[in-house]
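Q: This structure is in structure tokens; I'll ask about it shortly.
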Amino acid sequence: MERPLDHSDHFAIQTQNLRKVFKNKVAVGNLSLSVRRGEIFGFLGPNGAGKSTSIKMLLGLVKPSGGEAYVLNVPASNVEIRRKIGFLPEDFRFYHWLTAAELLALHGRLSGVPAATLRERVPAYIDLVGLTPHRDKRLQAFSKGMLQRIGLAQALIHEPELIFLDEPTSGLDPMGRRLVRDIIRSQRERGATVFLNSHILSEIEITCDEVVFIRDGEVVTSRDLRTTRAEEIRVVIRARKLTPEAIAGLAPWTTSAVLEDELLTLATPTQDVLPDILRHLVAAGADVYQFTPQKLSLEDLFMKIMGEDRGL
Amino acid sequence: MAFWTIAGMTFREAARKKILWTALIAGLGFFVVFGFGLHYQMADFARGSIPPFLQYQIVSGMLMIGLYTVDLLAVVMTILTSVDTISGEIDSGRIQAIATKPIARWQVLLGKWTGFIGMLAIYIALMFSGTIAEAHWIGGVVPQNPVTGALLVFLECVLALTVTFMFGTWFSTLTNGVIVLGLHGLAFLGGWLEQMSGFVEGSRLVTLGIVSSLVMPSEAIWRRAAFEMESPLAGSLQFSPFADISVPSVAMIGYAGVFMIGALAVAIYHFHKRDL
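Protein sequences appear in the order of chains A and B. Residue numbering for the first sequence follows our numbering, starting at 5 and increasing by one per position. Residue numbering for the second sequence follows our numbering, starting at 17 and increasing by one per position.
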């Protein structure tokens, strides 16, 4: 049975059975998700999974074919609520004839920030994204990385409660990525909710509180990274005298076991079972030379959940 | 508030992108050529024996050709500067950063439309007053009802702008440009065919011209403007390019106004409904 939408202030985003069909192509099949306020939420999926279309529906850019979408407790089509929403598009482009300072002032005005406030905020946000030496340069002279930075600043200039960032670190060098990561965390500390779509899974892994994996516009599974990070363990064991019975006996503690020569690779849902596994192998007569637990990275998890590359 | 911000931004965009300045420089080139033309004509008159009454009609005809050139420049500039505004911003995704602000889509579209109208008003005022001043100073002629004429040319440009915006909510920049220039070309041809109908009584060319004007009434507005501005005597001469052989009625101007409002309503509706 479907869970009814919760209209308390607990959630920043809620969708139920959200669907978008372009002519005969289903872009988003049946998206139901909830994003709690004040968290950094990762939105993951392969190319063509419907991520961008879903974000556009949440921002009112694309009209849903069905289902419901609420942001900050009002329907996503509500225009006024956008005063509290910031958005960095995937490939941020804007009028190249504007300077960085003019761009921020314009977006601030369009978001309803008073002129007096903007006089202070514009230089502050240009400084935040490290573009102070370039504040009076026109955007046509900006590199892709600089455009991403000023695009991030325009998404934040009105200090929104909910921020959508679509591939915010694409085109950025490692220092730029670090800066964006720090800014995203500072937004969470300010109390904002950040909805992050990125292909860089290592970034998601160290930034997000929760992630969902979507495919064909449907949530496949979700992970709370605050609690999951310590779990999902992969164990590499180098041992001799491993019998099929010994390996079969590991089943109660493992989700997979693959033996190649002397290397046995196991996956376990929690690290609490590691002593049991080792005791079992020794008791079964195996000579264990190496026992190395490794955390399952988000990338491993992604591959495991999404399966084979379908060439999308 | 946001509406005026978008209107101001659109106006500034034209200025920053040098479109307005390029159009004004082209206008200055026109003034130079037109001024020399008038000057040489007056010098030729001084050496010849053409009666002053006929001289006045000839220079008045030159003024009408000058104003017609201004009209063509204004319409083409309107289409070329605005063709990328809606369609190009949708294609490139630039519209996303604006459409996700707390502004209703109709305000985005009307704001841009208003910004262009401000630019057109300045351009037409400068080009019209410059052409008329030149003709007055060099040739000693003035048009009848210049304000009515200028307002009609302004209406023609606003119509072209609105149709460009309307198709821009459906089609890509290139397709939009081809459609709008094609429609204006159709109106242009229809207008001249209608003008040619004056040589034969009951010509079917009139019907063809009216149908063309109903499809796109831009050229009909110019022919009404020419009728308003041309001297009554020159207008009655059958060989004049703007002779009042088949003058669009006030009802046709009213139709053009309704057509423009209808196109604007369709543009707003479709821009509101479509996915961005």
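A virtual CB, placed ideally from N, CA and C, is assigned to each residue, including glycine.
#1: Per the DSSP calculation, P297/A is bridged to which residue(s)?
#2: Identify which residue in G82/B, E172/B and I102/B has its Cα closest to the Cα of V274/B.
#3: Got a sec? Which residues, its chain only, sit under 6 Å from D291/B by beta carbon, not counting five neighbours each side?
#4: Is K117/B helix, strand or coil when you go by DSSP?
#5: Fully enclosed by the segment 198-234 of chain B, which alpha helix (DSSP H) runs are 4 residues long or longer?
#6: Which word fits Q123/B, buried or exposed, when buried means at least 16 other C-beta atoms lie within 10 angstroms of its C-beta?
#7: Is the CB of P93/A under 9 Å away from at least one CB in chain B?
#8: Pull up the CB-CB distance for L108/A and A157/A, whole angstroms please, since I reckon it's below 8 Å.
#9: Please compile the residues from chain B whose C-beta is within a distance smaller than 8 Å of the C-beta of E84/A.
#10: Would you report the Cα separation of R142/A and V49/B, rounded to the nearest angstrom?
#11: Indicate whether at least one CB of chain B lies closer than 9 Å to the CB of L151/A.
#12: Using only alpha-carbon positions, find the residue among M268/B, R239/B and I277/B that is nearest to Y7/B.
#13: Any contact between the segment 101-115 of chain B and the segment 180-194 of chain B? By contact I mean 3 or more CB pairs, one from each, below 8 Å.
#14: If we ignore side chains and look at the alpha-carbon of each, how far apart do I269/B and T94/B end up?
#15: Which residues mark the beginning and the end of the alpha helix (DSSP H) in which L327/B is found?
#16: Give the secondary structure of G134/A by DSSP, where H, G and I count as helix, E and B as strand, and everything else as coil.
#17: Would you check if the distance between the CB atom of I167/A and the CB atom of I59/A is smaller than 9 Å?
#18: Helix, strand or coil, according to DSSP, for G46/A in the structure here?
#19: Enumerate in chain order the residues of its own chain whose CB-to-CB distance from M5/A is below 7 Å, with the five nearest sequence positions on each side excluded.
#20: Looking at the secondary structure, which residues open and close the alpha helix (DSSP H) in which V48/B lies?
#21: For R121/B, count neighbouring Cβ atoms within 10 angstroms of its own Cβ and tell me buried if that reaches 16, exposed if not.
#22: Less than 8 Å between the CB atoms is what I'm expecting for G253/A and H203/A, so what's the real figure, rounded?
#23: Looking at the C-beta of K289/B, does it have a partner C-beta in chain A at a distance below 9 Å?
#24: Under 7 Å, CB to CB, which of the residues in the segment 95-110 of chain B have a partner in chain A?
#25: Give me the Cα-Cα distance between H288/B and F47/B, rounded to the nearest whole angstrom.
#26: Using a Cβ-Cβ distance under 9 Å, would Y99/A count as near chain B?
#27: Taking R23/A and P68/A to be in contact with their CB atoms under 8 Å, please state how far apart those CB atoms are, rounded to whole angstroms.
#28: In chain B, what lies closer than 8 Å to I89/A by C-beta?
#29: Can you tell me whether S228/B is buried or exposed? The criterion is at least 16 other CB atoms within 10 Å of its CB, across all chains shown.
#30: Starting from the C-beta of L209/B, find all residues in its chain whose C-beta is less than 7 Å away, skip the five residues before and the five after it, and write them out in chain order.
#31: From T130/B, G155/B, G206/B and A90/B, pick the residue whose C-alpha is nearest to that of A23/B; which is it?
#32: What are the start and end residues of the beta strand (DSSP E) that includes K88/A?
#33: Would you tell me roughly how many angstroms separate the C-alpha atoms of F144/B and F61/B, rounded to the nearest one?
#34: Assess contact between the segment 244-260 of chain A and the segment 203-216 of chain A, defined as three or more Cβ pairs (one per stretch) separated by less than 8 Å. Is contact present?
#35: Can you give me the C-alpha to C-alpha distance between G207/B and A105/A, rounded to a whole angstrom?
A: Concretely, from the data shown:
#1: The partner list for P297/A (beta bridge, DSSP) reads V239/A.
#2: When the alpha-carbon of V274/B is set against those of G82/B, E172/B and I102/B, the nearest one is in E172/B.
#3: Take D291/B, set aside five residues on each side of it, and no residue of its chain has a beta-carbon closer than 6 Å to its own.
#4: If DSSP states are grouped into helix, strand and coil, K117/B belongs with coil.
#5: Fully enclosed alpha helix (DSSP H) runs of 4 or longer: 221-231.
#6: Counting the other Cβ atoms within 10 Å of the Cβ of Q123/B gives 16 or more, which makes it buried.
#7: With 9 Å as the cut-off, P93/A counts as an interface residue toward chain B.
#8: A Cβ-Cβ separation of about 6 Å places L108/A in contact with A157/A under the 8 Å criterion.
#9: Ordered by position in chain B, the residues that pass the 8 Å Cβ test against E84/A are P118.
#10: Cα-Cα distance, rounded: 37 Å.
#11: Taking a beta-carbon distance threshold of 9 Å, L151/A does not count as an interface residue toward chain B.
#12: Because chain B here runs from 17 to 292, residue 7/B falls outside it and cannot be looked at.
#13: These segments touch.
#14: Their Cα atoms are separated by approximately 19 Å.
#15: Chain B is shown only over 17 to 292; residue 327/B falls outside these bounds and no answer can be derived.
#16: In the structure shown, G134/A sits in coil (DSSP, three-state: anything other than H, G, I, E or B).
#17: No. Outside cutoff.
#18: G46/A: strand per DSSP, three-state reduction.
#19: Below a pLDDT of 50, predicted positions are generally treated as unreliable, and M5/A, at 43, falls in that range; no measurement from the model is reported.
#20: If you look at V48/B, you'll find it in the alpha helix (DSSP H) that goes I35 to R63.
#21: It is buried - the Cβ of R121/B has at least 16 other Cβ atoms within 10 Å.
#22: No, G253/A and H203/A are not in contact; Cβ-Cβ is about 40 Å, not under 8 Å.
#23: Any Cβ of chain A closer than 9 Å to the Cβ of K289/B would place that residue at the interface, and such an atom is present.
#24: Those would be S108, G109 and R110, in chain order.
#25: Each residue's CA atom was taken as its position, placing H288/B and F47/B some 42 Å apart.
#26: Yes, Y99/A lies at the interface with chain B (some Cβ there is under 9 Å from its Cβ).
#27: Indeed, because the Cβ distance is near 6 Å, the residues count as touching under 8 Å.
#28: Simply T116.
#29: With 16 or more Cβ atoms within 10 Å of its Cβ, S228/B is classed as buried.
#30: Here the set comprises L221, L224 and G225.
#31: Among T130/B, G155/B, G206/B and A90/B, the Cα nearest to that of A23/B belongs to T130/B.
#32: Per DSSP, K88/A is not a residue of any beta strand (DSSP E), being assigned neither H nor E.
#33: Rounded to whole angstroms, F144/B to F61/B spans 25 Å at the Cα level.
#34: No: the two stretches stay apart, fewer than three of their Cβ pairs being nearer than 8 Å.
#35: Going by the C-alpha atoms only, they are around 49 Å apart.
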